[in-house]
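Structure record follows, encoded as structure tokens.
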Amino acid sequence: MVCNVCDMTFQRARTDEQRNERRRQILDAAAAMLTEVPVAGLTLTALSRRVCLAKANVLRYFESREAVLLALLEAEIADWISELESATPGAGTAPERGDRLADLLATSLTRRPVLCDLISAQSTVLERNISADTALQHKRAVLGYLGTLVRFTGRHLPELGDEDAATLMQTVMLTAVAAWPGSRPPQAVLDAYAADPALAVMCVDFTDVVRRTTEVVAAGLLTRERQPR
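All residue numbers in the sequence shown are consecutive under my numbering, ending with 212.
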């Protein structure tokens, strides 16, 4: 069909390769839109216009807007992990390496606002309009990513066992979920901070919160590992 919005011609995808390409185009469009609008502002109608497909045709590839965003979240996590794994574990004491790991995780997340937007909306928005099959597929993918992150943590902090490494990574993600929206207040709150500078202490610095929380949890886990049980 011919799309009047972006003047491109699309044909029905008939092979697996074509269908995968169409899914990739939809996800790329969604990622681009999330640099312009928050998760709540990305509608299926707007997305279908961006990729020059009828809404019904977008639903041939994803069962809902939320399913699109979950798939995008998985892709963003995979890209984040690829970035993390390019970092070489450094030398030093375990606490020093723990602090460096905390900084790496915090700064890398800060550079990925789309990922942070998606993980902060995962349980409250993205998982609310999907089928059990989509939920199962997504949770299995996330579990696989967690396993990869646990192994990554083990390379930087081998003193931690798998259980403590998983605890550390779960804490990082939960901290990001809570800190990201708090670090992006609406204009009315920003105006309140400007009107009363004393209130600015309530403004959340995302990078600092994730870094400090990760440092504290890593230090606590390392201390516990050294204690007799």
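Don't be surprised by glycine CBs; every beta carbon is placed ideally from N, CA and C.
Could you tell me which whole alpha helix (DSSP H) segments of length 4 or greater appear in the region -15 to 52?
The region -15 to 52 contains these whole alpha helix (DSSP H) runs: -1 to 16, 27 to 33, 38 to 41.
Using the rule of at least 16 other Cβ atoms within 10 Å of the residue's Cβ for burial, across every protein chain shown, is V51 buried or exposed?
Within the sequence shown, numbered from 1, the residue matching residue 51 stands at position 68. Buried, by the Cβ-count rule.
Using a 10 Å radius around the Cβ and a threshold of 16 neighbouring Cβ atoms, would you call F135 buried or exposed?
Working through the sequence shown from its first residue, we reach residue 135 at position 152. The residue in question, F135, is buried, as its Cβ has 16 or more Cβ neighbours within 10 Å.
Quick check on A201: buried or exposed, where buried means 16 or more other Cβ atoms within 10 Å of its Cβ?
Here residue 201 refers to the residue found at position 218 of the sequence shown. Buried, by the Cβ-count rule.
DSSP state of T136, grouped into three classes?
In the sequence shown, residue 136 corresponds to position 153, counting from 1. It is helical.
Check C99 in the structure and name its three-state DSSP category.
The residue given as residue 99 occupies position 116 in the sequence shown. The answer is helix: DSSP assigns C99 an H, G or I state.
In whole angstroms, give me the CA-to-CA distance for D(-10) and E66.
Working through the sequence shown from its first residue, we reach residue -10 at position 7. Working through the sequence shown from its first residue, we reach residue 66 at position 83. Below a pLDDT of 50, predicted positions are generally treated as unreliable, and D(-10), at 36, falls in that range; no measurement from the model is reported.
Let me confirm a value: A162 is counted as buried when at least 16 other C-beta atoms fall within 10 Å, else exposed. Which label applies?
Numbered from 1 along the sequence shown, position 179 holds the residue referred to as residue 162. So A162 ends up on the buried side.
Thinking V192 and T158 are a contact (beta carbons under 8 Å), I'd like their distance in whole angstroms, please.
As a first step, residue 192 is located in the sequence shown; it is residue number 209 there, counting from the start. As a first step, residue 158 is located in the sequence shown; it is residue number 175 there, counting from the start. The Cβ separation is near 7 Å, so the contact holds.
Skipping 5 residues on each side, what residues in its chain have a beta carbon closer than 7 Å to that of A37?
Reading the sequence shown from its first residue, position 54 is the one you call residue 37. Closer than 7 Å at Cβ, skipping near neighbours: S31.
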